[in-house]
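In what follows, a single structure is set out as structure tokens and then discussed.
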Amino acid sequence: MQETFSVCFLGDTGVGKTTLVSALSKDSPLYKAPINVCVSLYKDRTIEWWDFSGAKKHESLRGIFYKYFDGYVLVHDLSNARSYRNLQDWEKEIAPWLHDSYGCLSSVEFPLLLFGNKSDLVPGKGPCGSALSASVSDSAWTDFLDKVVFNPAKPEIKAANRNLESFSEEEDSPTSLFSRIKSWWRPENLPLFKA
Ligand SMILES: Nc1nc2c(ncn2[C@@H]2O[C@H](COP(=O)(O)OP(=O)(O)OP(=O)(O)O)[C@@H](O)[C@H]2O)c(=O)[nH]1
Ligand SMILES: [Mg+2]
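FYI, the numbering for the sequence shown is 2 to 196, going by this note's numbering.
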């Protein structure tokens, strides 16, 4: 089976995460669910795009998953300055996972992409794009995905995750929940689209 990498999308509600993920996976259906997972192929690897609702009420749900990602995309809406300022709060939300509480990953760099969305509404802004025309072949995405799939720190991250898993053995631990959800979301059961 192909190697699979998981990328997580975060940002305020309405910035366009679901639209973006749908475009990157070449028009997978758009769901209004708190968690939405789409897939696409990149350099013969499977990329899972994990799109979370940005609503405050789903914070604890999101927190269950943060330590499992190979890369993070922080999305803001270029026509909404507040969504940019709020990225500080999003960074705070994932920080405990990026700088792992067990200290194993303190020196590891996680692939992180800052994406200013809705450039069609505010032409002429810096590094940005529009979910309406996003593609995994755009240079911002290829640069980011190269960091995700060729991350030299991957073995360290895996080792640290195994370490964390040995701490959570109860039936309803985040780990076992994630394993169950992963088995529901088998990439081979989902439609795959070539980048
Ligand atoms: N003009 C324009 N509209 C966009 C773009 N991306 C998304 N939208 C619109 O913005 C609205 C919100 O998009 P969503 O993708 O649902 O936003 P979200 O970030 O997933 O929101 P939550 O799931 O609530 O966190 C929708 O009406 C989209 O059609 C874009 O690049 N340009
Ligand atoms: Mg959404």
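Even for Gly, the Cβ is constructed at its ideal location relative to N, Cα and C.
Owing to the predicted nature of the structure, the values given are computational and were not obtained by experimental measurement.
So is ALA82 buried or exposed if we call it buried at 16+ other beta carbons inside 10 Å?
exposed
Taking the C-alpha atoms as reference points, what is the distance between CYS39 and ARG86?
28 Å
* To do: Would you give the residue range spanned by the beta strand (DSSP E) that GLU4 belongs to?
  => Note, GLU4: premise wrong, no beta strand (DSSP E); not H, not E.
>> For LEU114, count the other beta carbons within 10 Å of its own beta carbon; 16 or more makes it buried, fewer makes it exposed. Which is it?
In response: buried
Write down the C-beta distance between ASP45 and GLN3 rounded to the nearest angstrom, noting that I regard them as a contact closer than 8 Å.
-> 7 Å
Inset, instruction - Taking only runs that begin and end inside the region 39 to 83, name each unbroken beta strand (DSSP E) of 3 or more residues, in chain order. - result: 46 to 53 and 72 to 78
Helix, strand or coil, according to DSSP, for PHE10 in the structure here? strand
Does ligand 2 have a heavy atom nearer than 6 Å to the CB of LYS58? no
When the distance is taken between beta carbons, is ASN118 closer than 7 Å to VAL150? no
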